[in-house]
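*Asks:* Please see the structure below; I have some questions.
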Amino acid sequence: MQYRGQDQAIGDPLLDLASVQSVEVGDFNLDGKTDLLVLGENKLIFFPGTGIGPDENQFHGFEEGIENPTLLFDSTRIPKAMTVTELNGDSAPDLVLAVSGPSPLLRLVNQTDGSFVPFEAATGVDDPSGVCGDNPTAIAVRQAGLAVIDILISDAARGLCDLTFDNAGIPNAPITLTLPAGVSPADVIAIKTAFLDLDNIPDFLLLHKAGGAFFLGLPPAQVQDTPTTNIAFLPAFELPADFIPTRMLFTDINRDNRVDLVVGGAGSTGDARFLIGNGNGSFGSSKTVLSSPVSDLALADADADGKEDLISL
Ligand SMILES: [Ca+2]
Ligand SMILES: [Ca+2]
Ligand SMILES: [Ca+2]
Ligand SMILES: [Ca+2]
148 MQYRGQDQAI
158 GDPLLDLASV
168 QSVEVGDFNL
178 DGKTDLLVLG
188 ENKLIFFPGT
198 GIGPDENQFH
208 GFEEGIENPT
218 LLFDSTRIPK
228 AMTVTELNGD
238 SAPDLVLAVS
248 GPSPLLRLVN
258 QTDGSFVPFE
268 AATGVDDPSG
278 VCGDNPTAIA
288 VRQAGLAVID
298 ILISDAARGL
308 CDLTFDNAGI
318 PNAPITLTLP
328 AGVSPADVIA
338 IKTAFLDLDN
348 IPDFLLLHKA
358 GGAFFLGLPP
368 AQVQDTPTTN
378 IAFLPAFELP
388 ADFIPTRMLF
398 TDINRDNRVD
408 LVVGGAGSTG
418 DARFLIGNGN
428 GSFGSSKTVL
438 SSPVSDLALA
448 DADADGKEDL
458 ISL
């Protein structure tokens, strides 16, 4: 199901964006209605949800987009990747971004209205600089309840930089995680967090040019004692050689409580491919589900039938 093209389901400003870098779905202003947060053209734009219309067949709609009131980016600090997390325990979803330049981690605290300020401005605690390279390509967060376990930043040169934090949010010395043989840091496209096995500890899945790789998370208490070099990602799946992956998202299409995957991209083998999860970090072979170009993908229950729908932008 696509929001785009369904009357004015999405505000015109989104359609005017020349590039969409990232889309997040959630209730960012705590009014019980699903909103969209879009990173596009190096701007962070909030689309408040309007909920379900009076006609049960009506789509979720969104009000006109609002650019974040606090300036977050400039030509020396360009956003490269974004994900939702909880930084301050107030259940208003916060963000972490990977930005270009000497301080790749940018933590953003939700003001509970869908606008965001830097963690530094909200708490007085700086984001770390220098330790994770200056050319990030992907970011993901593992969370236990309302607390961050670790943040993984992939840098094209530095590799996989894993950060843990003390109680004040000050980062510990980073750990470097190892990629599978034959995958270089520059090949990494995206990283996401999911429960890939059944131990209730969040795991990482990484998308690279030729496929995927996974890391099954250790219990949070062990993370800070982990040796610095020997945590390795393992091969999770391969993609057809002519497929060019750009995005991935999780769902459970066959309702077996094991995470499945949609990978968006392009190539003669289709523009989005679907993979069934094996429940151990690996995935079965991929099948085409979409044959139109994909800028980004999101999942939400767009028509309120209790099932998640695929939103293609
Ligand atoms: Ca909302
Ligand atoms: Ca929060
Ligand atoms: Ca796990
Ligand atoms: Ca499944």
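End of the sequence shown = 460 in our numbering, gap-free, step of one. Using N, Cα and C, we set each Cβ at its ideal position, and we do this for glycine too. Note that the structure is predicted; figures quoted are calculated from it, not measured.
(1) Under the rule that 16 or more other beta-carbon atoms within 10 Å means buried, what is Thr232, buried or exposed?
(2) So if DSSP puts Gly248 in a beta bridge, which residue, or which two residues, is it bridged to?
(3) List the endpoints of the continuous alpha helix (DSSP H) containing Glu171.
(4) Identify whether Pro275 lies in helix, strand or coil by the three-state DSSP scheme.
(5) Could you give the DSSP three-state label for Thr259: helix, strand or coil?
(6) With a threshold of 16 other CB atoms inside 10 Å of the CB of Pro240, please say whether the residue is buried or exposed.
(7) What I want to know is whether the C-beta of Leu363 ends up closer than 7 Å to one or more non-hydrogen atoms of ligand 3.
(8) Judging by CA-CA distance, which residue of Met229, Val243, Leu343 is the nearest neighbour of Gly359?
(9) From the DSSP secondary-structure annotation, give me the bridge partner or partners of Val330.
(10) Suppose you measure from the CA of Ile400 to the CA of Asp302; what does that come to, to the nearest Å?
(11) Please state whether the Cβ-Cβ distance between Leu324 and Leu310 is less than 8 Å.
(12) For the segment 288–295 against the segment 265–275, do three or more pairs of beta-carbon atoms, one drawn from each stretch, fall closer than 8 Å, so that the two count as touching?
(13) Report the partner residues of Ala413 according to the DSSP bridge assignment.
(14) Please report how far the alpha carbon of Ser238 lies from the alpha carbon of Gly261, in whole angstroms.
(15) Going by beta-carbon coordinates alone, are Pro226 and Leu186 separated by less than 8 Å?
(16) Between Val436 and Val406, how many whole angstroms is the CB-CB distance? I'm expecting something under 8 Å.
(17) For Ile338, verify whether its CB is less than 7 Å away from any heavy atom of ligand 3.
(18) Whole angstroms is fine: what's the gap from Glu210's alpha carbon to Val246's?
(19) So which residues put a beta carbon under 5 Å from any heavy atom of ligand 4, going in chain order?
(20) Going by the CB atoms, is the gap between Phe263 and Thr217 shorter than 8 Å?
(21) By the 10 Å Cβ neighbour count, where 16 or more other Cβ atoms means buried, how is Asn257 classified, buried or exposed?
(22) Please find out if some non-hydrogen atom of ligand 3 comes closer than 7 Å to the beta-carbon of Leu343.
(23) Ala269: which of Asp346, Leu255, Cys279 sits nearest, CA to CA?
(24) Any heavy atom of ligand 2 closer than 7 Å to the CB of Pro265?
(25) Using the Cβ count rule (16 or more neighbours within 10 Å means buried), how would you classify Leu345?
*Replies:* Once the coordinates are examined:
(1) Taking the first residue of the sequence shown as 1, we reach residue 232 at position 85. The residue in question, Thr232, is buried, as its Cβ has 16 or more Cβ neighbours within 10 Å.
(2) Here the question's residue 248 lines up with position 101 in the sequence shown. DSSP output for Gly248 lists no bridge partner at all.
(3) By one-based count along the sequence shown, residue 171 stands at place 24. From DSSP, Glu171 is part of no alpha helix (DSSP H) but of the beta strand (DSSP E) over 167–173.
(4) Residue 275 sits at position 128 when you count from the first residue of the sequence shown. In this structure, Pro275 counts as coil in the three-state DSSP scheme.
(5) Start at 1 with the first residue of the sequence shown, and residue 259 comes out as number 112. Note: Thr259 maps to coil in three-state DSSP.
(6) Reading the sequence shown from its first residue, position 93 is the one you call residue 240. Counting Cβ neighbours within 10 Å, Pro240 comes out buried, since at least 16 surround it.
(7) Here residue 363 refers to the residue found at position 216 of the sequence shown. Under cutoff, so the answer is yes.
(8) Within the sequence shown, the letter at position 212 stands for residue 359. That would be Leu343, whose Cα lies nearest to the Cα of Gly359.
(9) Within the sequence shown, residue 330 is the residue found at index 183, counting from 1. Its beta-bridge partners do not exist; DSSP assigns none.
(10) For the purposes of this step, residue 400 is taken as the residue at position 253 of the sequence shown. For the purposes of this step, residue 302 is taken as the residue at position 155 of the sequence shown. Approximately 32 Å, taken between the alpha carbons.
(11) Here residue 324 refers to the residue found at position 177 when the sequence shown is read from its first residue. Here residue 310 refers to the residue found at position 163 when the sequence shown is read from its first residue. Contact: no.
(12) no
(13) Against the sequence shown, residue 413 aligns to sequence position 266. For Ala413, which the question treats as bridged, DSSP gives the partners Ile391.
(14) Position 91 of the sequence shown holds residue 238. Position 114 of the sequence shown holds residue 261. Between Ser238 and Gly261, the C-alpha separation is close to 12 Å.
(15) Reading the sequence shown from its first residue, position 79 is the one you call residue 226. Reading the sequence shown from its first residue, position 39 is the one you call residue 186. Yes, the Cβ-Cβ distance between Pro226 and Leu186 is below 8 Å.
(16) Here residue 436 is taken as the residue at index 289 of the sequence shown, counted from 1. Here residue 406 is taken as the residue at index 259 of the sequence shown, counted from 1. Val436 to Val406, Cβ: 16 Å. No contact.
(17) The count along the sequence shown starts at 1 and reaches residue 338 at position 191. Answer for Ile338: no, Cβ out of range of ligand 3.
(18) Counted from its first residue, the sequence shown places residue 210 at position 63. Counted from its first residue, the sequence shown places residue 246 at position 99. Distance between the alpha carbons of Glu210 and Val246 is about 28 Å.
(19) Asp399, Asn401, Asp403, Arg405, Asp407
(20) The count along the sequence shown starts at 1 and reaches residue 217 at position 70. The count along the sequence shown starts at 1 and reaches residue 263 at position 116. It is a contact, given that the beta carbons lie within the stated cut-off.
(21) Translated into positions along the sequence shown, residue 257 becomes position 110. Buried, because 16 or more other Cβ atoms sit within 10 Å of the Cβ of Asn257.
(22) Along the sequence shown, one-based indexing puts residue 343 at 196. Shortest gap from the CB of Leu343 to any heavy atom of ligand 3: under 7 Å.
(23) If you number the sequence shown from 1, residue 269 lands on position 122. For the residues Asp346, Leu255, Cys279, the minimum Cα distance to Ala269 belongs to Leu255.
(24) The residue given as residue 265 occupies position 118 in the sequence shown. No, the Cβ of Pro265 stays beyond 7 Å of every heavy atom of ligand 2.
(25) Within the sequence shown, residue 345 is the residue found at index 198, counting from 1. Classification for Leu345: exposed.
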